[in-house]
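Worksheet for the structure shown next.
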Amino acid sequence: MPRTLHPVAWWIWGIALATAVSRTTNPLLLGLVLVVLGYVVTERRTDAPWAKGFKYYLYLALTVVAIRVVFRCVFASGITPADHIMFSLPHIPTPHWYAGIQLGGPVSLEATLSAATDGLRLACLLCCIGAANTLANPKRALRVLPGALYELGVAVTVSLSVAPQLVESVQRVARARRLRADRAKGLRALRGILIPVLEDALERSLHLAAAMDSRGYGRAGTATRASRRTTAVLMLGGMLGLCTGIYGLLDGTTPRALGLPAMLGGSLLCCAGLALGGRRIRRTSYRPDPWRSAEWVVAMCGVATATVLFLTVGYNAADLNPSLYPLRWPSLPWLPAAAILLAGTAAFAAPPPPRGSAAKRAKSAKSARNATAGRSAVPPGGAAATATTAETAETADKPSEALL
């Protein structure tokens, strides 16, 4: 049955894939991740205008790779005698206080490929977050946040909604220009697109500010000053404990007390702060999103991929970051590749999203039934009132999409 998957499941899936991507520079695995992301987004995105913005993340990813390669060619460094020199740029002498950085000079094939693989990894990270932002509506994720994190969650939601809203504005302006038969292209068309998009962004900001003010954003509620200070101290101590614990786990030279014990202590402090801060905020949810077996499968697909690439068990860990000396075609480790393909099964595990055409047909059928019921139950003089009542009931039956 078509339904919208829980947004937290998509974000867990996307963040887990981004975590797996951060472990490798193998271009074959990174390319496979991009293929999986594109397939899942194509199969499970909705008909909303902002859900069609994944291609813009791909454009941004290509820009990141190009900038990384250009910077590596201009700021030449790390050239060894064994490198294959492709060409040389004019050398620009630098002052003595700028030592260690060379502008121009020989450009080697190894350095260019290293920059391209690093840029491709960063591009995949951006595409993972872009896929999660395309598949999930971040506004719906606010319903599951603890009360103590509601205001922070609103700020994060607003920041995550910037890219989808800009994509929607650009699409609407481009559609209006086509209707007006405006055929300007290139820099000449930039003014006709940029100004309406900025105007729409300012208008959205004003509406958002009014909505946040009407909903009492930033209110202190019934919490006392001592309660707010206690919550802040617990949250700050918990975050420090988490940061210390993660650093201790990543650095093998640190004492054991800075590893798992600090991380567990920080988690307990954060949970206590969330529980104490959530008492002063009472929120209700209209038709909360269900968490069913499909959500578990989608989330576990991403977590399994990240786990396989982190444990490096069952395959050679050097295959995740192949060396460029000597130059050779990178090998494709079968276990990480299978784990990445497992993440692609989210396209089959997730239920199909409701399409706009089906929703329109259901709305038309409901309107027809309401109109038929009105003609049969109300005399001719009251037809207008019946139509208005049916329209009002139909509008009230739809779940309201709040700005926050």
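In numbering that gives the first Met the number 0, the protein residues as written are 0 to 403. For each residue, glycine too, the CB sits at the ideal point set by N, CA and C.
Handout entry: Supposed contact pair LEU119 and PRO26 - C-beta distance, whole angstroms, cut 8 Å
Key = With a contact defined as Cβ atoms closer than 8 Å, PRO26 and LEU119 qualify at about 6 Å.
Handout entry: Bounding residues of the alpha helix (DSSP H) (the contiguous stretch that carries ILE339)
Key = Looking at the DSSP string, the run of the alpha helix (DSSP H) that includes ILE339 is 333–342.
Handout entry: Cα-Cα separation, LYS362 to ASN136
Key = Bear in mind that the predicted position of LYS362 carries a pLDDT of just 47, short of 50, making it too unreliable to give a figure here.
Problem - For GLY276, the three-state DSSP class (helix, strand or coil) - result: Reduced to three states, the DSSP call for GLY276 is helix.
Practice task
Taking only the alpha-carbon atoms, compute the straight-line gap between VAL34 and ALA231 and give it to the nearest angstrom.
Solution key: Rounded to the nearest angstrom, the gap between the Cα atoms of VAL34 and ALA231 is 43 Å.
Handout entry: Beta-ladder partner(s) of PHE86, from DSSP
Key = Bridge partners of PHE86 according to DSSP: VAL106.
Problem - Bounding residues of the alpha helix (DSSP H) (the contiguous stretch that carries TYR324) - result: No alpha helix (DSSP H) holds TYR324; DSSP gives it neither H nor E.
Handout entry: For CYS300 and THR93, the rounded distance between their alpha carbons
Key = When rounded, the distance between both Cα atoms is 51 Å.
Problem - contact_flag[the segment 101–109, the segment 79–93] where n(CB pairs < 8 Å) is 3 or more - result: Yes, they touch.
Practice task
Check the DSSP bridge columns for PHE74 and list the partner residues they point to.
Solution key: BP columns for PHE74 point to LEU102.
Practice task
Return the residue from the list CYS123, HIS95, PHE86 and ALA75 that minimises the CA-CA distance to GLY103.
Solution key: Ranking CYS123, HIS95, PHE86 and ALA75 by Cα distance to GLY103 puts ALA75 first.
Problem - Straight-line Cα distance separating CYS127 from LEU259 - result: Going from the Cα of LEU259 to the Cα of CYS127 covers about 28 Å.
Exercise for the section: Measuring alpha carbon to alpha carbon, tell me which of ASP199, TRP96 and LEU124 ends up nearest ILE32. Expected result: It is worth fixing the name first, because residue 32 is Val in this sequence and not Ile. Of ASP199, TRP96 and LEU124, the residue nearest in Cα terms is LEU124.
Exercise for the section: Tell me where the alpha helix (DSSP H) around GLY38 begins and ends. Expected result: For the sequence presented, residue 38 should be read as Tyr rather than Gly. Taken as a continuous stretch (DSSP letters only), the alpha helix (DSSP H) holding TYR38 covers 26–43.
Practice task
Please report how far the alpha carbon of ALA408 lies from the alpha carbon of THR111, in whole angstroms.
Solution key: Because the chain is modelled from 0 through 403, residue 408 falls outside the range shown and cannot be assessed.
Exercise for the section: Throw me the rounded Cβ distance for the PRO287 and MET0 pair, which I believe falls under 8 Å. Expected result: 18 Å between Cβ atoms; not a contact.
Handout entry: chain B within 8 Å of PHE347, Cβ atoms only
Key = Of the protein chains in the structure, only one exists, and it is not chain B.
Exercise for the section: Determine the contact status of ASN315 and PRO332, defining contact as a CB-CB distance below 8 Å. Expected result: Contact annotation: ASN315 and PRO332 have beta-carbon atoms nearer than 8 Å.
Exercise for the section: Pull up the DSSP beta-bridge partners for ILE128, would you. Expected result: According to DSSP, which records beta bridges pairwise, ILE128 is partnered with nothing at all.
Exercise for the section: Measure the C-alpha to C-alpha separation of LEU165 and TRP295 and round it to an integer number of angstroms. Expected result: Answer to the nearest angstrom: the Cα atoms are 31 Å apart.
Practice task
Report back the beta-carbon spacing between LEU275 and LEU233 to the nearest angstrom; my notes put them in contact at under 8 Å.
Solution key: So it is a contact: roughly 7 Å between Cβ atoms.
Exercise for the section: Can you give me the Cβ contacts of LEU36 inside the same chain, cut-off strictly under 6 Å, excluding the 5 residues immediately before and after it? Expected result: Excluding residues within five positions, the ones whose Cβ falls inside 6 Å are CYS126 and ALA130.
Problem - Same chain only: Cβ atoms within 6 Å of ALA114, ignoring 5 sequence neighbours per side - result: Non-local beta-carbon contacts of ALA114 in its own chain, meaning distances under 6 Å to residues more than five positions away in sequence, involve ARG67, VAL68 and ARG71 in chain order.
Practice task
Output the distance between the C-alpha atoms of ALA173 and GLY52, rounded to the nearest integer angstrom.
Solution key: CA-to-CA, the gap between ALA173 and GLY52 works out to about 14 Å.
Exercise for the section: Would you check if the distance between the CB atom of GLY265 and the CB atom of MET238 is smaller than 8 Å? Expected result: With respect to the 8 Å criterion, GLY265 and MET238 are classified as neighbours on the basis of their beta carbons.
Practice task
Determine the extent of the alpha helix (DSSP H) in which ARG203 is found, giving its start and end residues.
Solution key: DSSP places ARG203 inside the alpha helix (DSSP H), whose first and last residues are 186–213.
Practice task
Under the assumption that MET176 contacts GLY191 (Cβ atoms under 8 Å), give the Cβ distance between them as a whole number of angstroms.
Solution key: A quick correction: the sequence has Arg, not Met, at residue 176. About 6 Å separates the two Cβ atoms, so the contact holds.
Exercise for the section: Go ahead and label PRO378 buried or exposed: buried means 16 or more other beta carbons lie within 10 angstroms of its beta carbon, across all protein chains shown. Expected result: Summary for PRO378: the model assigns pLDDT 41, below 50, so the residue's position carries little reliability, and this model does not support an answer.
Exercise for the section: Using the Cα positions of ASP199 and LEU273, report the straight-line distance between them to the nearest angstrom. Expected result: If you take the alpha carbons of ASP199 and LEU273, they lie about 36 Å apart.
Handout entry: Rounded C-alpha distance that separates ALA293 from LEU189
Key = Going by the C-alpha atoms only, they are around 43 Å apart.
Handout entry: Spatial distance of GLY30 from THR23 (CA atoms)
Key = Rounded to whole angstroms, GLY30 to THR23 spans 11 Å at the Cα level.
Problem - Contacting residues, own chain, Cβ-Cβ under 6 Å from VAL2 (five flanking each side not counted) - result: Val is not the amino acid found at residue 2; the sequence shown has Arg there. Listed in chain order, the non-local C-beta contacts of ARG2 below 6 Å within the same chain comprise PRO350, local neighbours out to five positions each way being set aside.
Exercise for the section: Could you tell me which of ILE84, THR243 and VAL39 sits nearest to LEU341, measuring between CA atoms? Expected result: Checking every option, the nearest Cα to that of LEU341 belongs to VAL39.
Practice task
Please report the Cβ distance between ARG43 and ALA346, rounded to the nearest whole angstrom; I am assuming they are in contact, meaning their Cβ atoms lie under 8 Å.
Solution key: Yes, they are in contact, since the Cβ atoms of ARG43 and ALA346 sit about 6 Å apart, within 8 Å.
Exercise for the section: Could you give the DSSP three-state label for ALA364: helix, strand or coil? Expected result: Low local confidence applies: a pLDDT of 48 at ALA364 is under 50, so the model's placement there is unreliable, with the coordinate-based value given in what follows. Here ALA364 sits in helix by DSSP.
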